[in-house]
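There are 2 protein chains.
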Amino acid sequence: MERIARMALLADFYGPLLTPKQRRIWDLHYEQDFSHVEIAESENISRQAVYDLLKRTEKILQGYEDKLGLIRRFQAEQAKLSEVARLMQEYEQKDFANDKAWERHQAISRKIEEIYQDI
Amino acid sequence: MERIARMALLADFYGPLLTPKQRRIWDLHYEQDFSHVEIAESENISRQAVYDLLKRTEKILQGYEDKLGLIRRFQAEQAKLSEVARLMQEYEQKDFANDKAWERHQAISRKIEEIYQDI
Numbered sequence: 594m595e596r597i598a599r600m601a602l603l604a605d606f607y608g609p610l611l612t613p614k615q616r617r618i619w620d621l622h623y624e625q626d627f628s629h630v631e632i633a634e635s636e637n638i639s640r641q642a643v644y645d646l647l648k649r650t651e652k653i654l655q656g657y658e659d660k661l662g663l664i665r666r667f668q669a670e671q672a673k674l675s676e677v678a679r680l681m682q683e684y685e686q687k688d689f690a691n692d693k694a695w696e697r698h699q700a701i702s703r704k705i706e707e708i709y710q711d712i
Numbered sequence: 594m595e596r597i598a599r600m601a602l603l604a605d606f607y608g609p610l611l612t613p614k615q616r617r618i619w620d621l622h623y624e625q626d627f628s629h630v631e632i633a634e635s636e637n638i639s640r641q642a643v644y645d646l647l648k649r650t651e652k653i654l655q656g657y658e659d660k661l662g663l664i665r666r667f668q669a670e671q672a673k674l675s676e677v678a679r680l681m682q683e684y685e686q687k688d689f690a691n692d693k694a695w696e697r698h699q700a701i702s703r704k705i706e707e708i709y710q711d712i
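Here it is as structure tokens:
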């Protein structure tokens, strides 16, 4: 997975376990795209301190995932749902006996898409 | 939710964050159904100590869920998937134009059941 997406997932799952300071600096960098220098200036700490704090925070978040594996679990679900969504979309109107059955199929297909996007 | 089921879910999600001792005593009680007295004897600690340790462990696990809400999130998924599984099962062979379309539908329906049971 792309690094930024992986960082976003880690914070989405385990961010509430960080201290307010870890969380704030993490968000400045990974959500609001502040550079290390910009964060150093706004927080009045050294650039090295920003770098160390981000590295340490990443290690903490990754440590939770290594122990709990909940991102891995969600992603496994997501892969299976994506496959189901694909199979549902292979249907065409002519596969059904009538319009009502086809419309119900499309409604279920949309529901699956919604679940898939929620995860 | 029933208390024992809730305890099992908490340990399933957040158990790896417990200390080995917390985990062991938790499993003895909630998985292997040992009484407080039996655990006190096997661990050579007081019955009160067993009680306190179990209470404290429950508080720790519930604290993770209060912060992260991942059980809530999984259960919301599960409810939606259950609804989709139900809608899929409302179909009958006569809703489809041919046997092949019906068999594909049943195969997708089974896949959804599998995902639902995995969660």
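As they're listed, the protein sequences go chains A and B.
The numbering used here numbers the first residue of the first sequence as 594 and each following residue consecutively.
The numbering used here numbers the first residue of the second sequence as 594 and each following residue consecutively.
All residues carry an ideal CB built from backbone N, CA and C; glycine is no exception.
Bridge partners - residue i, DSSP secondary structure assignment
{"i": "residue 689 of chain A", "result": "B:689"}
Rounded C-alpha distance that separates residue i from residue j
{"i": "residue 700 of chain B", "j": "residue 698 of chain A", "result": "14 Å"}
{"i": "residue 618 of chain A", "j": "residue 632 of chain A", "result": "7 Å"}
{"i": "residue 676 of chain B", "j": "residue 687 of chain B", "result": "22 Å"}
{"i": "residue 653 of chain A", "j": "residue 595 of chain A", "result": "19 Å"}
{"i": "residue 564 of chain B", "j": "residue 605 of chain B", "result": "As displayed, chain B neither begins before 594 nor continues past 712, which places residue 564 of chain B out of reach and without an answer."}
{"i": "residue 660 of chain A", "j": "residue 695 of chain B", "result": "43 Å"}
Of the residues the options, the one placed nearest residue i, counting alpha carbons only
{"i": "residue 602 of chain B", "options": "B:613, B:655, B:621 and B:638", "result": "B:655"}
{"i": "residue 681 of chain A", "options": "A:703, A:625 and A:596", "result": "A:703"}
{"i": "residue 705 of chain A", "options": "A:684, A:674 and A:695", "result": "A:674"}
{"i": "residue 600 of chain A", "options": "A:710, A:690 and A:657", "result": "A:657"}
{"i": "residue 610 of chain A", "options": "A:650, A:621, A:659 and A:595", "result": "A:650"}
{"i": "residue 662 of chain B", "options": "A:607, A:595 and A:659", "result": "A:607"}
{"i": "residue 693 of chain A", "options": "B:643, B:689, B:625 and B:709", "result": "B:689"}
{"i": "residue 684 of chain A", "options": "B:623, B:708, B:659 and B:691", "result": "B:691"}
{"i": "residue 621 of chain A", "options": "A:639, A:647 and A:641", "result": "A:647"}
{"i": "residue 645 of chain B", "options": "B:659, B:679 and B:614", "result": "B:614"}
{"i": "residue 679 of chain A", "options": "A:639, A:709 and A:626", "result": "A:709"}
Bounding residues of the alpha helix (DSSP H) (the contiguous stretch that carries residue i)
{"i": "residue 659 of chain B", "result": "640-661"}
{"i": "residue 634 of chain A", "result": "629-636"}
{"i": "residue 603 of chain A", "result": "596-607"}
{"i": "residue 615 of chain A", "result": "613-619"}
Outcome for residue i when other beta-carbon atoms lying within 10 angstroms are tallied against a minimum of 16
{"i": "residue 664 of chain A", "result": "buried"}
{"i": "residue 598 of chain B", "result": "exposed"}
{"i": "residue 634 of chain B", "result": "exposed"}
{"i": "residue 672 of chain B", "result": "exposed"}
{"i": "residue 669 of chain B", "result": "exposed"}
{"i": "residue 630 of chain A", "result": "exposed"}
{"i": "residue 612 of chain B", "result": "exposed"}
heavy atom of the ligand FMN below 7 Å from residue i C-beta
{"i": "residue 651 of chain B", "result": "As for the ligand FMN, it is missing from this structure, which has no ligand bound."}
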